[in-house]
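J.:
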Amino acid sequence: MDVFGIDLQALEYWHWLTLGGLFLVFEVLTMGFFFLWFGVSAIIIGLIVLAAPAFPWELQWSLWGMLAIMDLFAWKIFMAKKLSKGIKSDEPHLNKRGDQYIDRVFTLEEPIMNGFGKVKVDDSTWKIECETDLEAGSKVRVTGLDGTVLKVESY
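Add 1 to the 1-based position in the sequence shown for our numbering, that's all there is to it.
1) Can we say the segment 123-130 touches the segment 68-79, given the rule of at least three CB pairs closer than 8 Å?
2) With DSSP as the reference, please indicate the residues paired to Arg142 in a beta bridge.
3) Measuring CA to CA, which of Leu95, Gly40 and Glu92 is closest to Asp72?
4) Nearest by alpha-carbon distance to Gly148: which of Gly138, Glu136, Trp127 and Ala137 is it?
5) Short of 8 Å in beta carbon distance, which residues of its chain neighbour Trp62, apart from the five on each side in sequence? Order them along the chain.
6) How would you label Gly138, buried or exposed, when you count the other beta carbons within 10 angstroms and need 16 or more for buried?
7) Lys97 to Glu130, Cα distance in whole Å?
8) Taking the C-alpha atoms as reference points, what is the distance between Thr133 and Glu154?
9) So if DSSP puts Val122 in a beta bridge, which residue, or which two residues, is it bridged to?
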């Protein structure tokens, strides 16, 4: 069986190493950790064929496919475990702007009516929700966040 003039039943180690290198280059271009495992598996098969040149071509292809899929799933399981533990950060609220305002105290420029109002926070205006109505000039403390609405209480 020929593909691009290469007999797929007579692959040598350098074919596998080249294929692995191409997958790794493609991985660098796409950066998705998908083609990496096909490349690593091809390089492993290339090293096996280098050590044992009589390794049957059927086993080469089968082992390459199995290794690639096993590597892919192992990576997925590893990342799932790592992400489930949470990634530690020096700045856990860096991209969670609303979380940065929890426990801060602000002065109302407008009254809270029917439990809702607005407050000026730094360079922006946020919607706020409070259990009690408050007059303009009252101080409020941010206790939580519900989407883009700050939960506040009288301070």
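All C-beta atoms in this analysis are idealised placements derived from N, C-alpha and C, irrespective of residue type, glycine included.
T.: From the atom records:
1) no
2) In the sequence shown, counting from the first residue as 1, residue 142 sits at position 141. DSSP, once it has assigned bridges, lists Val106 and Glu154 as partnering Arg142.
3) Position 71 of the sequence shown holds residue 72. Nearest option by C-alpha distance: Gly40.
4) Taking the first residue of the sequence shown as 1, we reach residue 148 at position 147. Minimum Cα distance to Gly148 is reached at Trp127.
5) On the sequence shown, residue 62 is found 61 positions in, with the first residue counted as 1. The answer, listed in chain order, is Leu9.
6) Residue 138 sits at position 137 when you count from the first residue of the sequence shown. Per the 10 Å Cβ criterion, exposed.
7) The residue given as residue 97 occupies position 96 in the sequence shown. The residue given as residue 130 occupies position 129 in the sequence shown. Approximately 19 Å between the Cα atoms of the pair.
8) Translated into the one-based positions of the sequence shown, residue 133 becomes position 132. Translated into the one-based positions of the sequence shown, residue 154 becomes position 153. Distance between the alpha carbons of Thr133 and Glu154: 8 Å.
9) Position 121 of the sequence shown holds residue 122. Answer by DSSP bridge pairing, in chain order: Ser125.
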